[in-house]
Each structure stands twice: as C-alpha cells, then as structure tokens.
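Enquirer: Mind having a look at this structure? Questions to follow.
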Ligand SMILES: C[S@@+](CC[C@H](N)C(=O)[O-])C[C@H]1O[C@@H](n2cnc3c(N)ncnc32)[C@H](O)[C@@H]1O
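In full-length UniProt numbering, the protein residues as written are 1 to 517.
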C-alpha cells in the first residue's frame, strides 16, 4: 500500500460509479432483467421464494400467537428488481395460507425500488393484477439512500415514522451489494479511507452507464482516516474490532444500508424482521487480508455485502441474527430479528432452520448449476423430483426439455401424469418474462408428444408470434397436425397451406393437404 496525495479523487461511496449505477437502473426499468443482463435467477427462483414464504408464514403465525391484532402486517421488499421474487413469494404464501386454513394476520406486500420505471412496470404487469385486486400487493418508489417514508401507489397511503404498531418485515435480495458502501483499509492497526480515481478512455464516446462502467479503470489511493475510530462515529466499535483483528485488509462498510434499515425500522414501533440474500460473508475471517473489492459487471455492477458488519451492528442494537453454519457459496441467505425478545419468535426461527440452514437457496443453486450439465444423463425418475424440488421452475423445464422429449416415448402413464401436473403447476405460478413464448412452445410440444392435442393447441398458437421464419415451417406443420387430430379440418387446412407456401417441398404437409382436400 502506498499513501499518495491526490487532488482529483472521490471517497468510494461518492464516486461517479454510483451515479452510473443509479442511471442504469433508472433508464432500463424492467428491461435490466432481460437478455440475462442483471442476474435474477439465483435470488428470484421458486425455491428461494418458497423458503421466504415459509419464513413469512411462520412470522405471521408468531404474530397471531401474540393475540388478535387488526393492523395489516407490512412486508417491504427493497430493490425488488424484476418483480419475480415478489410474485413467487405471494403465490407460495397464499398457497400456504389456503392449505393451512388457519386465521393469520392480514398482510400486504409492498414492492419498492429506486426506479419509477420498475414501479410502473410491476403496476401494469399482467401477473400482478390478481394480487393488486385482492389488496395484497402495493408499490412504492423508495430511494434507500435518503427516504424516510413509503408512499404507496395503489392505496395512496403514506407510511410514516411510528405509523405501524406491528413489526415490519423487510426483504432485501442483491440489494446491499448494489447500493453505495464505504471502503476502508486496515493496516498496522490504523484505518485508511480508500479513495477512488475513476478514469475513462480519452476517446470515450458514450453517455451509456453500462458502457462507462465497462470502460472505466479504477485506482485506489489511501489516506489516514482517524474519524472512523472517533466515538462520534456510529460504528466505532465495529471499527475497533476490525483494527484489533484485521491486518492488510480492505473492508466495505455498509453505512448506507445500515442507515436505510434504521430509517425503515422507525416506521414501526415494534421493530422489524429482515430476510436477505446476497453474495457477501458474515464471518470476520472472510475479510482478513481482503484485496480491494471486485466489481462484477452485468450492465450495472455489484460488489459484496458486508454481512459481518450488518450482523455485528444490529446485534449490538439488540437483534438476533441467523446465517448458515456452513460456508456459503454464491449466495448467503440470512435472517435478522430486530424485535423485542427475538427468541420468542419460535416458528420464525424454526422456519429459517428448516428452509435455509438445513438445505437452503444456496444449496439448491449449487445443485441446479451442477444439474444443468447433467440433465442429459438423468432419467424421468430424477428429472421429475428435481424439477419438483425447484418448485416446478420454468427455467429448469426449458433447460431439460430436450431430455424430457427424448425420454417421453418410453414414459409410463404415471410419469406422463406427473409431467402434466408439473406443467400445470409451473404455468399457474409463472411470472411473465421475456421467455414466455419459448416456454409456450416447449409446453405445446410436450403436449403433442403426449398426444394431448387439445392442451397443445393454445400453447403452440401463442408461441407462433415469437418464432423466427426459419423455424416457422416446423411449428406451422405441428399446428396443422394438432388441428387435424382434433378434427378441426378448416384450421388444419389453413396451417398446412401456410407451410406449403413457405416450403413447397414439405412432403409431410403435402400429404396432409391431400388427405384434407
Ligand atoms: C442487483 S438488483 C437486485 C434486484 C432483485 N432484488 C434481485 O435479487 O434480482 C439491485 C436493485 O436495487 C435497486 N436499487 C439500486 N439503488 C437503489 C437505491 N438507492 N434505492 C433503492 N433501490 C435501489 C435497483 O434498481 C435494482 O432493482
């Protein structure tokens, strides 16, 4: 480490990279999650949604056990992104509630984000309308860096400091790694501020945030920062711990995240529960000898969340924090109870134990990644339970579809019936995203292979809109066959004619036409 004197430099949390980050999300809106730009599968799939729904359900049970309360429980998701997690959690939570058939406090799920575009996108999203109509879902534009209250878009309500008597429930996925953090360096027991010099190539010819982030080069300079250790710094005890335990270590400090939690916590007079998942460790060891942070670029960028600092600071304030005993890989899912007598929330703690600690979203993701390269070796006996484990996820079916097709000719009646049931469950929980037409196509084809022409037809028709001309002939022919089998002769004729128009040498279509004419 060299200590330099540099005039043009930024405190890490104030560098222009954060303006580009904000601009990226504000301009892109929900498109940020299309074409695999910003990753969302790991934090938004049905498996993680089920785990969260179980924890929320358990929390509602614990609140119910405290006596009848008429106030609606507010669940706030921060940086709710594509909206897929919220949709899946609501789906699972409603299913759990119906299945249990017990009295629980009424709840409302409030999706929030910095980007108004996202809020408007969710508000109009076809998959959200049923929840909005039932009064279960609301939205708010909320800038985590400064705002203190929530202005709900649908109900028009404002939730201000102290308004809620019941505890608040907060959800934050891939959130603490995406908002500004401080960066310090600990060396020889001293604290240094790591300032950032951001350079763009001379000939940079763009105002596009994603491109600026891609083209930037970063340099750090270090200056002594005794202020962090002064008693007036709200996190001075944390810093004292880092000074005592760490050496030659770069540490991201989640001051903005902690301040956001503090502001939101004040909305309720009874504290909050936080469910959160991110890349970032809660163990001090992880930060020992840590190099400067790595920027993961994906249109926007993300760093690591310092869950160690979040846990330490909140526990000092009386919270009980839960992170997994095993070392996390890719995703660290934790739960923090900033509540009076947190240990008395027995159902909630058990739910964390059962749905995260014992086998959680991180474990599932590791297996899912592994299975992606192994589906071609799996039999229906493995494919079906693995798909069920993942909550009948659309992504898995899309990936495993060629293998299902290969195995279907030898499938038993029972296996076909289970596949059919999986397809139905998948569609009933599906959150519409850009892959909808593709999913409709493979669904239609699977039904065709099971000779279920009536079920296949609407899916094949829906998918036609998104098929390139190159593949259109095949799918028009499939539709012609489907209609033929359903004895819809006029439709079969019209599809077969379209095939022959596009490919006059399509022998099968010609034969079909002859038999129809
Ligand atoms: C990496 S994405 C995560 C999205 C989603 N939670 C997920 O797991 O897929 C970060 C999200 O935080 C939002 N965000 C960024 N800065 C924010 C801020 N200052 N206040 C509120 N949300 C912010 C972005 O708009 C984006 O939706």
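Every residue gets a Cβ at the ideal spot worked out from N, C-alpha and C, and that includes glycine.
(1) Using a 10 Å radius around the Cβ and a threshold of 16 neighbouring Cβ atoms, would you call residue 289 buried or exposed?
(2) Give me the Cα-Cα distance between residue 148 and residue 319, rounded to the nearest whole angstrom.
(3) Please confirm whether residue 220 and residue 258 have their CB atoms less than 8 Å apart.
(4) What number of angstroms, rounded off, separates the C-alpha of residue 177 from the C-alpha of residue 296?
(5) When every heavy atom of ligand 1 is checked, does at least one fall within less than 7 Å of the C-beta of residue 525?
(6) If you run the structure through DSSP and keep just helix, strand and coil, what is residue 187?
(7) Whole beta strand (DSSP E) runs in the segment 71-128 with 3 or more residues, listed along the chain?
(8) Quick one: Cα of residue 421 to Cα of residue 63, how far?
(9) Which runs of the alpha helix (DSSP H) fall wholly inside the segment 388-419 and span at least 4 residues, in chain order?
(10) Out of 498, 510, 506 and 457, state which residue places its alpha-carbon closest to the alpha-carbon of residue 488.
(11) Near residue 136, what residues of its chain come up, given a Cβ to Cβ distance below 8 Å and the 5 sequence neighbours on each side ignored?
(12) Between which two residues does the beta strand (DSSP E) harbouring residue 321 extend?
(13) According to DSSP, simplified to helix, strand and coil, what is residue 335?
(14) Pick from 273, 193 and 472: whose alpha carbon is nearest that of residue 292?
(15) Rounded to a whole number of angstroms, what is the C-alpha to C-alpha distance between residue 267 and residue 26?
(16) Taking the continuous beta strand (DSSP E) assigned at residue 220, which residues delimit it?
(17) With distances taken from CA atoms, which of 145, 125, 303 and 240 is nearest residue 189?
(18) State the DSSP-derived secondary structure class of residue 426, mapped to helix, strand or coil.
(19) Return yes when the Cβ of residue 307 is within less than 8 Å of the Cβ of residue 281, no when it is not.
(20) Can you tell me whether residue 285 is buried or exposed, with buried defined as 16 or more other CB within 10 angstroms of its CB?
(21) Distance, Cα to Cα, residue 338 vs residue 467?
(22) Could you work out which residue in 448, 57 and 40 is closest to residue 101 when comparing CA atoms only?
(23) Based on the DSSP secondary-structure assignment, which residues constitute the bridge partners of residue 199?
(24) Using CA atoms only, rank isn't needed, just tell me which of 88, 84, 182 and 42 is closest to residue 18.
(25) Along the chain, where does the alpha helix (DSSP H) that runs through residue 300 open and close?
(26) Out of 309, 275 and 253, point me to the one whose CA is closest to residue 53's CA.
(27) Specify the secondary structure class of residue 2 as computed by DSSP and reduced to three states.
(28) Taking 7 Å as the cut-off, is the CB of residue 540 close to at least one heavy atom of ligand 1?
(29) For residue 465, name the three-state secondary structure that DSSP assigns.
(30) Let's test the definition: count the other Cβ atoms within 10 Å of the Cβ of residue 24 and tell me whether it reaches 16, buried, or not, exposed.
(31) Go ahead and label residue 7 buried or exposed: buried means 16 or more other beta carbons lie within 10 angstroms of its beta carbon, across all protein chains shown.
Expert: To lay it out plainly:
(1) Start at 1 with the first residue of the chain shown, and residue 289 comes out as number 289. With fewer than 16 other Cβ atoms within 10 Å, it is exposed.
(2) Counting from one through the chain shown, the residue named residue 148 turns up at place 148. Counting from one through the chain shown, the residue named residue 319 turns up at place 319. Taking the straight line from one Cα to the other gives about 21 Å.
(3) Here residue 220 refers to the residue found at position 220 when the chain shown is read from its first residue. Here residue 258 refers to the residue found at position 258 when the chain shown is read from its first residue. Not a contact, by the Cβ cut-off of 8 Å.
(4) Counting from one through the chain shown, the residue named residue 177 turns up at place 177. Counting from one through the chain shown, the residue named residue 296 turns up at place 296. Those two C-alpha atoms are separated by around 10 Å.
(5) Nothing can be reported for residue 525: it is not among the residues displayed for the chain, which extend from 1 to 517.
(6) Taking the chain shown and counting its residues from 1, one reaches residue 187 at position 187. Strand at residue 187.
(7) 73-78 and 107-113
(8) For the purposes of this step, residue 421 is identified with residue 421 of the chain shown, where counting begins at 1. For the purposes of this step, residue 63 is identified with residue 63 of the chain shown, where counting begins at 1. Going from the Cα of residue 421 to the Cα of residue 63 covers about 35 Å.
(9) 394-407
(10) The residue labelled residue 488 in the question sits at position 488 within the chain shown. Residue 488 has its Cα closest to that of 457, out of 498, 510, 506 and 457.
(11) On the chain shown, position 136 is the one that residue 136 refers to. Excluding sequence neighbours, residue 136 sits near 90, 94, 107, 108 and 109.
(12) Counting from one through the chain shown, the residue named residue 321 turns up at place 321. Residue 321 -> beta strand (DSSP E) spans 320-322.
(13) Numbered from 1 along the chain shown, position 335 holds the residue referred to as residue 335. DSSP places residue 335 in strand when its eight states are reduced to three.
(14) Mapped onto the chain shown, residue 292 falls at position 292. The shortest Cα separation from residue 292 among 273, 193 and 472 belongs to 193.
(15) Reading the chain shown from its first residue, position 267 is the one you call residue 267. Reading the chain shown from its first residue, position 26 is the one you call residue 26. Between residue 267 and residue 26, the C-alpha separation is close to 26 Å.
(16) For this step, residue 220 is matched to residue 220 along the chain shown. Per DSSP, residue 220 belongs to the beta strand (DSSP E) from 217-224.
(17) The residue labelled residue 189 in the question sits at position 189 within the chain shown. Checking every option, the nearest Cα to that of residue 189 belongs to 240.
(18) Residue numbering aside, residue 426 sits at position 426 when the chain shown is read from its first letter. Three-state result, residue 426: helix.
(19) As a first step, residue 281 must be located in the chain shown, where it is residue number 281. As a first step, residue 307 must be located in the chain shown, where it is residue number 307. For residue 281 and residue 307, yes; Cβs fall inside 8 Å.
(20) Here residue 285 refers to the residue found at position 285 of the chain shown. When all chains shown are included, residue 285 counts as exposed.
(21) By one-based count along the chain shown, residue 338 stands at place 338. By one-based count along the chain shown, residue 467 stands at place 467. If I take the Cα positions, the gap works out to 51 Å.
(22) Taking the chain shown and counting its residues from 1, the one referred to as residue 101 is at position 101. Answer by Cα proximity: 57.
(23) Your numbering for residue 199 matches position 199 in the chain shown. In the DSSP output, where bridge partners are listed per residue, residue 199 has 217.
(24) Position 18 of the chain shown, counting from 1, holds the residue named residue 18. Among 88, 84, 182 and 42, the Cα nearest to that of residue 18 is on 182.
(25) Position 300 of the chain shown, counted from the start, is the residue given in the question as residue 300. Counting along the chain, residue 300 falls outside any alpha helix (DSSP H), though it belongs to the beta strand (DSSP E) covering 300-302.
(26) As a first step, residue 53 must be located in the chain shown, where it is residue number 53. If we check each option's Cα against that of residue 53, 275 comes out closest.
(27) Here the question's residue 2 lines up with position 2 in the chain shown. A caution first: residue 2 carries a pLDDT of 41, below 50, which makes its placement in the model too unreliable to give a value.
(28) The structure shown has nothing for residue 540, since the chain only spans 1 to 517.
(29) Reading the chain shown from its first residue, position 465 is the one you call residue 465. Residue state, collapsed to three classes: coil.
(30) Within the chain shown, residue 24 is the residue found at index 24, counting from 1. Classification of residue 24: buried, given that the 10 Å Cβ count is 16 or more.
(31) What you label residue 7 is simply residue 7 of the chain shown in a count that begins at 1. In this prediction, residue 7 has a pLDDT of 42, which is less than 50 and means its spatial position is unreliable; what the coordinates show is noted afterwards. Residue 7 comes out exposed.
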